[in-house]
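Residue numbers (the working numbering), protein chains in the order written: chain A, 170 to 494; chain B, 1006 to 1299.
We treat Cβ as the ideally placed atom computed from N, Cα and C, and that holds for glycine.
Report on the structure given below.
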Amino acid sequence: MRLGGANLRRGTWIAAIIALALIPPLFRREDLLHWMNLMFFLAALGSAWNIICGYGGQLSLGHGAFFAVGAYTSTLLWMWYGITPLLGMFIGAALALPMALMIGYPAFRLRGTYFTLGSLALGSVVYRIIVYLKPITQGNVGIPLWFTADPFYLQFPSEIGYYYVFLAALLITTYVSLRVKNSWIGYYLFAIGNDQDAAESLGVDSRKIKLYALLISAFLTAILGTLYAQWKCYIDPDATCSTDFSIQIAMIGIIGGLGTLFGPVVGAAVMIAAQALSVSFFGAVRGGVYMVYGILLMGIILIRPTGIMGVFENALAAVRVLRRE
Amino acid sequence: MQFIIQAIINGILLGGLYGLFAIGLTLPFGVMDIPNFAHGEFIMLSMFASYWLWALYGVDPMIYLIIAIPLFFAIGVLIERAILRRLFDLRAPTPAVLLCLAGLSMFLMSFALFNWGVTWYTLNVSYREATIKVGDIIIGMPNLLGFIGAVVLALLVMAFLNKTFVGKALRATFQNRDAATLMGIDYRRMYSICFGLGVALAGAAGPFLATFYVVFPTVGGPFTMIAFVVVVLGTLGDPRGAFLGGMIIGIVESVITQISSSDVAWIAIFAIFVLLLMFKPEGLFGRRVAGVVR
């Protein structure tokens, strides 16, 4: 077997996965693992968001809606009918699809920023529906979940179990995202993102392609909602579908650079660092964290509209040029 | 039946102010193709400014209004210069520009939350509880004042757009930026004026809203959302349409809140938005050319 090209790339991947899988038994520290879990979770969210926004150039500020549907559906099915979230998460994800269609189908026919407006409105209307259905969803109070520590209900006695769940979630979203990127959907998406008129003149049905990407993205986001609920054991509308949370998802994607594969991981790490910094500066006062996020988001976009990952890519390209010379 | 008429009247009065700040959104949205996600946050800031001026120095909100308009115009121009112009110069992708404004909105809202907390402030001016009775209908004095103010300001904006040179240049830029540039209009200056005007109208709506609404840090988000629906309903870039759309949405919200709840009213407004996108994305007064709304 020759070492190089595709084999080398596959080898790097396998080595990286093994190294990540070995972290919990080597470093048995709950706090470290907790931060790692948060990073994997946020990176997976950003990666799912990236499928529609990074590749297709369609900014969504309402991914919290899909997240909330995933989290609430599996939780309510579990608490009311005893259905395991292992099954419930797919039901929740299936429910996120018609919601995505409701906004995507009319908005993708139009040019401009209608999809962004629609997604923003979708997030806020899901919030209001959760508040309105108070007898079922407990409204703003939120639902405390049972803690069973039973893997059959996607719950574990320590962070180690969750570590593998979120690592798997990140790997699966990254894999799906890579597959989308390198499939005909990905090529069409990039073409649409670059120049929609040119793509359409070559026979690309831009509305259909954008819808496919949005459906994949919404499905993955809803599944992550279920994982989050089983991890935190508490869900409320503020944490799942507030506009702030939706912008936070978008931030992970844009900090790491739009349309990049590993960008979301970088984005998630930056977000967690910013969160830790703001807590140490302002304490846990309401608004403190989001104030820092807001400044960070504006600052990064004003300095580098294409995200931090763009810096790395430029550096890599420079190294490659130097080597060649 | 009488309470429905009452709700419709309240809706029209509130809708006037919706129309006013929606004009402030529709102008930059139409001219620059950039929806200002921080629009509601400027309304919130203006509401807080009028509350604090009244609470600390006893300044009447209507006197503050005279300062608010130039102040928020300046803020708008500053933000356009500092953020939007830079991003246009860097040829930033549109999603990045939108996210930057979303970041601004997030910052302003959490700034207010951080400083003023999760508290409701009530601006108790002397005429807050005053009412006028017409038959069985009760009209709140601050609501009526807000509606009159909104109509006057909206008429002034339309006169500015139709009669003055700058206003005409602004409309020309909206219709065709390249042609306007060829006629010697500096479109970047128009962008600044346009964005400043939009923020100024958000600032102008603040003191009126503060006299009958409660003031709290997260009050802006719903206003932004309402403004977007109104803008699409009344056709992008059309101030008349925005004003009329504002009144329609005001009536819908008021009547449904009266017979059901504010959450249902919100769901209805969202339904209107989705139906608009589906069947009439060009709004009440627009035309559609090959999928492009304009």
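C-alpha distance - B:Tyr971 paired with B:Leu1019, whole-angstrom precision: Coverage of chain B is limited to positions 1006 through 1299, which leaves residue 971 of chain B absent and any answer about it impossible.
Cα-Cα separation, B:Gly1296 to A:Ile472: As a first step, residue 1296 of chain B must be located in the second sequence, where it is residue number 291. As a first step, residue 472 of chain A must be located in the first sequence, where it is residue number 303. For B:Gly1296, the pLDDT reaches just 42, beneath the cut-off of 50, and the residue's location in the model is therefore unreliable, although a value from the coordinates is still provided. Each residue's alpha carbon lies about 34 Å from the other.
Own chain residues within Cβ distance below 8 Å of A:Met460, not counting five before or after: Taking the first residue of the first sequence as position 1, residue 460 of chain A is located at position 291. Taken in chain order, the residues that qualify are Ser447, Phe451.
Contacts of A:Pro474 in chain B (Cβ-Cβ under 7 Å): Position 305 of the first sequence, counting from 1, holds the residue named residue 474 of chain A. Those within 7 Å of A:Pro474 in chain B are Leu1092, Leu1095, Ala1097, Pro1098, Ala1101.
Status (buried if at least 16 other CB within 10 Å, exposed otherwise) for A:Trp218: Within the first sequence, the letter at position 49 stands for residue 218 of chain A. Buried, since its Cβ has 16 or more Cβ neighbours within 10 Å.
Residues within the region 1207-1235 of chain B neighbouring chain A, beta-carbon criterion of under 7 Å: Gly1226, Met1230, Phe1233
CB contact check: A:Leu396 to chain B, cutoff 8 Å: Here residue 396 of chain A corresponds to residue number 227 of the first sequence, with the count starting at 1. Output row for A:Leu396: interface = no.
Contact set between the region 424-440 of chain A and chain B, restricted to residues whose Cβ is under 9 Å from the partner: Leu427
Which of helix, strand or coil DSSP assigns to B:Val1298: Walking along the second sequence from the start, residue 1298 of chain B turns up at place 293. With a pLDDT of 45 at B:Val1298, under the threshold of 50, the modelled position of that residue is not reliable, and no figure is offered here.
Cβ of B:Gln1180 within 8 Å of any chain A Cβ: The count along the second sequence starts at 1 and reaches residue 1180 of chain B at position 175. Closer than 8 Å: no.
Identified DSSP bridge partners for B:Lys1138: To locate residue 1138 of chain B, count along the second sequence from 1; it is residue 133. DSSP output for B:Lys1138 lists B:Ile1143 as bridge partner(s).
Three-way DSSP call (helix, strand, coil) for A:Tyr250 in this model: Here residue 250 of chain A corresponds to residue number 81 of the first sequence, with the count starting at 1. Correct three-state label for A:Tyr250: helix.
Other residues of its chain near A:Phe321: CB distance less than 8 Å, five sequence neighbours each side excluded: Against the first sequence, residue 321 of chain A aligns to sequence position 152. Cβ within range, chain order: Thr253, Leu255.
Helix, strand or coil at A:Pro313 according to DSSP, with G and I counted as helix: Stepping through the first sequence from its first residue, residue 313 of chain A is reached at position 144. It is a strand residue.
As assigned by DSSP and simplified to three states, the class of B:Tyr1126: Here residue 1126 of chain B corresponds to residue number 121 of the second sequence, with the count starting at 1. If DSSP states are grouped into helix, strand and coil, B:Tyr1126 belongs with the strands.
Terminal residues of the alpha helix (DSSP H) in which B:Val1219 lies: By 1-based counting over the second sequence, the position of residue 1219 of chain B is 214. Unbroken run through B:Val1219: none, as it is neither H nor E.
Chain A contact for B:Ile1254 (CB, 8 Å cutoff): Residue mapping note: residue 1254 of chain B aligns to position 249 of the second sequence, counting from 1. B:Ile1254 does not count as touching chain A.
Test: A:Met205 CB closer than 8 Å to a CB of chain B: Translated into positions along the first sequence, residue 205 of chain A becomes position 36. So, not an interface residue.
Interface flag, B:Ser1115 vs chain A, CB-CB below 8 Å: Within the second sequence, the letter at position 110 stands for residue 1115 of chain B. Chain A, which has a Cβ nearer than 8 Å to the Cβ of B:Ser1115, makes this yes.
Validate contact between the region 1010-1027 of chain B and the region 1219-1234 of chain B using beta carbons, cut 8 Å, 3 pairs: yes
Near-chain B residues of the region 409-423 of chain A (beta-carbon distance less than 7 Å), N- to C-terminal order: Thr412, Asp413, Ile416, Ala419, Ile423
Reference B:Ala1205, options B:Ile1072, B:Phe1077, B:Leu1058, B:Ser1051, closest by Cα: Locating residue 1205 of chain B in the second sequence gives position 200, counting from the first residue. That would be B:Phe1077, whose Cα lies nearest to the Cα of B:Ala1205.
Straight-line Cα distance separating A:Arg278 from A:Gly223: Here residue 223 of chain A refers to the residue found at position 54 of the first sequence. Here residue 278 of chain A refers to the residue found at position 109 of the first sequence. So the two alpha carbons sit approximately 19 Å from each other.
Rounded separation between A:Ala115 and A:Ala391 - CA only: Only positions 170 to 494 of chain A appear in this structure, which leaves residue 115 of chain A out of reach.
Spatial distance of B:Arg1299 from A:Phe284 (CA atoms): Looking up residue 1299 of chain B in the second sequence gives position 294. Looking up residue 284 of chain A in the first sequence gives position 115. Caution is warranted here: a pLDDT of 41 is assigned to B:Arg1299, below 50, making its placement in the model unreliable, and the coordinate value is therefore given only provisionally. Those two C-alpha atoms are separated by around 16 Å.
Boundaries of the alpha helix (DSSP H) in which B:Ala1087 is found, first to last residue: Here residue 1087 of chain B refers to the residue found at position 82 of the second sequence. First-last for B:Ala1087: undefined, no H or E at that position.
Alpha-carbon spacing of A:Gln365 relative to A:Ile469, whole angstroms: Taking the first residue of the first sequence as position 1, residue 365 of chain A is located at position 196. Taking the first residue of the first sequence as position 1, residue 469 of chain A is located at position 300. When rounded, the distance between both Cα atoms is 27 Å.
Cβ-based burial, B:Leu1187 [other Cβ within 10 Å; buried from 16]: The residue you call residue 1187 of chain B lines up with position 182 of the second sequence. Looking at its Cβ environment, which holds fewer than 16 other Cβ atoms inside 10 Å, B:Leu1187 is exposed.
Contact with chain E by A:Thr242, beta-carbon distance below 8 Å: Of the chains in the structure shown, none is chain E; the protein chains are A and B.
Residue ranges of each alpha helix (DSSP H) within the region 224-292 of chain A, 4 or longer: 232-250, 254-276
Residues of its chain near B:Gly1154, where Cβ-Cβ distance is below 6 Å and the 5 sequence neighbours each way are ignored: The count along the second sequence starts at 1 and reaches residue 1154 of chain B at position 149. The residues are Phe1213.
Nearest-angstrom Cα separation, counted from B:Ile1274 out to B:Gln1263: For the purposes of this step, residue 1263 of chain B is taken as the residue at position 258 of the second sequence. For the purposes of this step, residue 1274 of chain B is taken as the residue at position 269 of the second sequence. The alpha-carbon atoms of B:Gln1263 and B:Ile1274 are separated by roughly 15 Å.
Pairwise C-alpha distance: A:Leu207 and A:Trp498: With chain A represented from 170 up to 494, any question about residue 498 of chain A goes unanswered, as that position is not in the structure.
Beta-carbon contacts of A:Leu347 that lie in its chain and below 7 Å, excluding the five residues immediately before and after: Here residue 347 of chain A corresponds to residue number 178 of the first sequence, with the count starting at 1. Closer than 7 Å at the Cβ level, and outside the excluded window around A:Leu347, lie Leu430.
Helix, strand or coil at B:Tyr1132 [DSSP, three-state]: Walking along the second sequence from the start, residue 1132 of chain B turns up at place 127. Coil, per DSSP.
Continuous alpha helix (DSSP H) stretch holding A:Glu199: start and end: As a working mapping, residue 199 of chain A is identified with position 30 in the first sequence. Unbroken alpha helix (DSSP H) run through A:Glu199: 199-222.
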